[in-house]
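Residue numbers (the working numbering), protein chains in the order written: chain A, 1 to 358; chain B, 1001 to 1251.
From the three backbone atoms N, C-alpha and C, an ideal C-beta is built for every residue, glycine too.
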Amino acid sequence: MAKILTNGNSAIGEAAIRAGCQCYFGYPITPQNELTEYMATHLSRRKGCSFVQAESEVAAINMVYGASLVGARAMTSSSSPGISLKQEGISYLAACELPAVIVNMSRGGPGLGSISASQSDYFQATRGGGHGDYRCIVLAPSSGQELADLTHRAFDLADRYLIPVIVLGDAMLGQMMEPVEFNYEAPDELSIRGNALRGAKGRPSRIIKTFTSNPAELEEINWSLFRRYQLIIKEETAYETYLVEDAKLIVVAFGIAARIAKGAIKNARADGLKVGMLRPISLWPFPSEKVKDLAKRTKHFLVFEMNMGQMIEDVQLALEGKGEVSFYGRPGGVIPNPSEVYRVISRLYYQKGLKTRK
Amino acid sequence: MRKVYTRPRLLKKVPFHYCPGCGHSIIHRLMTELIDEMHLEDRIIGIPPPGCSVFAYHYFDVDMAESAHGRGAAVATGIKRAFPEAIVFTYQGDGDLAAIGTAETIHAANRGERITAIFINNAVYGMTGGQMAPTTLSQQVTTTTPYGRDTGIEGYPIKMSEIVALVKGAVYIERTAVNSPANIRKTKKAIRKGFQAQIDNLGFSLIEILSPCPTNWRMNPLESWQWIDNEMIKEFPLGVIKDITGKTDAD
């Protein structure tokens, strides 16, 4: 199939439709409106599909919950402040073991913040986000193509593990025009998840609930979620490495920051600095084992994020002190360019004495 | 001997956790009878959000799913949009529907969602121990209005059914009570009409039911029935508030 030049938000919409998304519920917020508008144009008229512009983010995520209850592939999208509002619903989805896809094209914060690209929702996304002991799978694309591919994967993962999956992009990825190839055709028939709540026809009635007055019962539910999370960590950790084989310094960055870092690393390599990169694609589960593995040969890590340092905690936890971690971050929606990151890389490289004579 | 009454087939054989004199048990009975009579059991889905009746799923022998507090109408919207063949009802208290879920209720009604909201108005937050509800009467003593509800400070009892009636997508709204055999019969008839409006694909229906809460009203069951007649109905008059279904009782 030919490549299409499209903005990132629309790429997510098209990928979702091709993944068999039946219902989209959303609320306007910049910088992700193109996605909501894409679904209004392209999903709403599809046979059996539904688009609702909800009265609030809270309502939108609860509509997703309703659609997921009856076995439909459902999604919502928003940007940072709106994602905060959705956390109640995400917690219920996690508790009820219901699949859903939630897209966060994040922007600067805290508060209303800015509408520019930021990565400051890393903690919120990877630590559950709402109340209670739960996790969401978090996928971090770094290009238009990956927005499409990971959106498709998000629906599959959500169904496979009965878990909410967050696609964590940012304002820049959402707005940027890039060529994208869609590798799937939309299914002819929408599939209904097995065991969904569709009326007690030919089977006993069923209950889907989270509340219990018995703490021991809830403890078992938490254990059961935890066991599934262990399986997800084992099976679904995803990352990309770039020029790490001989690297003396490894940059760890995700999403659009990794894209920027790659440019900086190319320049560094051209100047003879042995720099590589680890790009976590799944932020939860975080590729801790890979970090540990890289630390067997490389002792210096530079974490680069468009925030004040959030993923750095996962890198430090993974290293358990077996590597030296530096940090460079730009918060608030400021987008650094590759030459700025290159300056940081080269300064660190020389400071740490990694440049040896040939 | 002729059998004139039996336990509804769709009411599970478990003891109610509700307090003596509570209206929920009566309404559960009416609804399970109706679901059976209208042959809806294999496609009905009930949504009980938090409140005493969050446990309604222990009693209704039909598919049920809990929603977050106040979000019933949004959850029901998602269900109905994804699965239009379902008959969907929410079973919400006054705090749920008329305070924290006001926005969800009004906008689901405005979209004309084909859902039926069963709205239990007992003028207090029951499950949490009798705090002021949006429907608490003026001067009514609750645990958070210990000196009586002062409308100048705490606002007025909200007439949610009348508010929702202003919304175009709402097609059937009636207020009833379960404090006498006659009112109980009228309540069942009202819920039937609410379900029928949904079956006929007409729009949003809402049945508000004034329901006794003797425990939190600090009354015995008989006094609570009388209090509905003497106090609540003055603020919340019974009857059909809106009916644009085009149907008469004869239909």
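Under 9 Å between the Cβ atoms of residue i and residue j?
i: F301 of chain A; j: A295 of chain A; result: yes
i: I163 of chain A; j: R206 of chain A; result: no
i: G194 of chain A; j: D1063 of chain B; result: no
i: Q1226 of chain B; j: N1179 of chain B; result: yes
i: G272 of chain A; j: D246 of chain A; result: no
i: G1095 of chain B; j: G1129 of chain B; result: no
i: F1089 of chain B; j: G1246 of chain B; result: no
i: D1042 of chain B; j: G255 of chain A; result: no
i: L112 of chain A; j: I137 of chain A; result: no
i: I1120 of chain B; j: G1023 of chain B; result: yes
i: A270 of chain A; j: I260 of chain A; result: no
i: F211 of chain A; j: E1066 of chain B; result: yes
i: M1232 of chain B; j: A1177 of chain B; result: yes
i: E313 of chain A; j: L278 of chain A; result: no
i: Q310 of chain A; j: Y122 of chain A; result: yes
i: E1208 of chain B; j: S1138 of chain B; result: no
i: L1210 of chain B; j: L1238 of chain B; result: yes
i: A54 of chain A; j: A1074 of chain B; result: yes
i: P1049 of chain B; j: G1093 of chain B; result: yes
i: K299 of chain A; j: E320 of chain A; result: no
i: F155 of chain A; j: A16 of chain A; result: yes
i: V70 of chain A; j: F1055 of chain B; result: no
i: A264 of chain A; j: Y349 of chain A; result: no
Per DSSP, which residues does residue i bridge with? Please list them.
i: G323 of chain A; result: BP columns for G323 of chain A are empty, so no partner.
i: I250 of chain A; result: A:G276 and A:F301
i: D170 of chain A; result: A:S106
i: M1064 of chain B; result: A:I207 and B:G1046
i: D1243 of chain B; result: B:Y1172
i: S1205 of chain B; result: B:T1116 and B:Y1172
i: A1177 of chain B; result: B:L1210
i: Y239 of chain A; result: A:P280
i: N1103 of chain B; result: It is worth fixing the name first, because residue 1103 of chain B is Ala in this sequence and not Asn. According to DSSP, which records beta bridges pairwise, A1103 of chain B is partnered with nothing at all.
i: M177 of chain A; result: A:N7
i: Q1131 of chain B; result: B:Y1125
Residue i touches chain A at which residues, Cβ-Cβ below 7 Å?
i: V1054 of chain B; result: F211
Give the straight-line distance between the Cα atoms of residue i and residue j, rounded to the nearest whole angstrom.
i: A74 of chain A; j: V180 of chain A; result: 23 Å
i: Q1196 of chain B; j: G1072 of chain B; result: 20 Å
i: W1217 of chain B; j: E1162 of chain B; result: 25 Å
i: L35 of chain A; j: A11 of chain A; result: 8 Å
i: S44 of chain A; j: E37 of chain A; result: 10 Å
i: E88 of chain A; j: T1077 of chain B; result: 17 Å
i: T1136 of chain B; j: V52 of chain A; result: 34 Å
i: G329 of chain A; j: V251 of chain A; result: 12 Å
i: E189 of chain A; j: L5 of chain A; result: 27 Å
i: A125 of chain A; j: L139 of chain A; result: 10 Å
i: Y1091 of chain B; j: A258 of chain A; result: 49 Å
i: H1058 of chain B; j: A216 of chain A; result: 19 Å
i: M1038 of chain B; j: G20 of chain A; result: 34 Å
i: L150 of chain A; j: M63 of chain A; result: 23 Å
i: A1098 of chain B; j: N1230 of chain B; result: 23 Å
i: I281 of chain A; j: I1100 of chain B; result: 38 Å
i: G26 of chain A; j: Y1147 of chain B; result: 43 Å
i: I1184 of chain B; j: H152 of chain A; result: 52 Å
i: S79 of chain A; j: Q145 of chain A; result: 20 Å
i: M1219 of chain B; j: I90 of chain A; result: 40 Å
What does residue i touch in chain B if you count any residue whose Cβ is under 7 Å from its own?
i: L197 of chain A; result: I1045, D1063 and A1065
i: V103 of chain A; result: Within 7 Å Cβ-Cβ: nothing; V103 of chain A doesn't reach chain B, min ~17 Å.
i: G89 of chain A; result: A1068
i: R206 of chain A; result: D1063
Quick one: which chain A residues come within Cβ less than 8 Å of residue i?
i: V1075 of chain B; result: N62, M63, Y65, G66 and L69
i: D1042 of chain B; result: G199, A200, K201 and G202
i: Y1057 of chain B; result: I207 and K209
i: A1099 of chain B; result: Neighbours of A1099 of chain B on chain A: none; closest Cβ ~14 Å, over 8 Å.
i: A1086 of chain B; result: V70, R198 and G199
What does residue i touch in chain B if you count any residue whose Cβ is under 9 Å from its own?
i: V52 of chain A; result: T1077, G1078, R1081 and R1111
i: V58 of chain A; result: A1068, G1070, R1071, A1074, A1103 and E1104
i: E236 of chain A; result: By Cβ distance, chain B contributes nothing, its closest Cβ being about 26 Å from E236 of chain A, past 9 Å.
Below 8 Å on C-beta distance, what does residue i contact in chain B?
i: E189 of chain A; result: Those within 8 Å of E189 of chain A in chain B number zero; the least Cβ separation is about 15 Å.
Can you pull out the residues from the segment 13 to 31 of chain A whose beta carbon lies closer than 8 Å to at least one beta carbon of chain E? In the structure shown, chain E does not exist; the protein chains are A and B.
Could you name the residues of the segment 1008 to 1040 of chain B whose beta carbon sits closer than 8 Å to any beta carbon of chain A, in the order they occur along the chain? Per Cβ criterion, the list is empty.
Residues in the segment 1192 to 1218 of chain B with C-beta within 7 Å of chain A's C-beta atoms, listed in sequence order? Under the 7 Å Cβ criterion, the segment 1192 to 1218 of chain B contributes no residue.
Selection of the segment 72 to 101 of chain A by Cβ proximity to chain B, strictly under 8 Å: Result list: A72, A74, E88, G89, Y92 and C96.
Mind checking the segment 212 to 231 of chain A against chain B and listing, in chain order, the residues whose C-beta falls within less than 8 Å of any C-beta there? For the segment 212 to 231 of chain A, the set of residues with a beta-carbon nearer than 8 Å to any beta-carbon of chain B is empty.
At a CB distance below 9 Å, what residues from the segment 1159 to 1190 of chain B approach chain A? Give them in sequence order. Listed in chain order, the positions of the segment 1159 to 1190 of chain B with a beta carbon within less than 9 Å of a beta carbon of chain A would be empty, since no residue qualifies.
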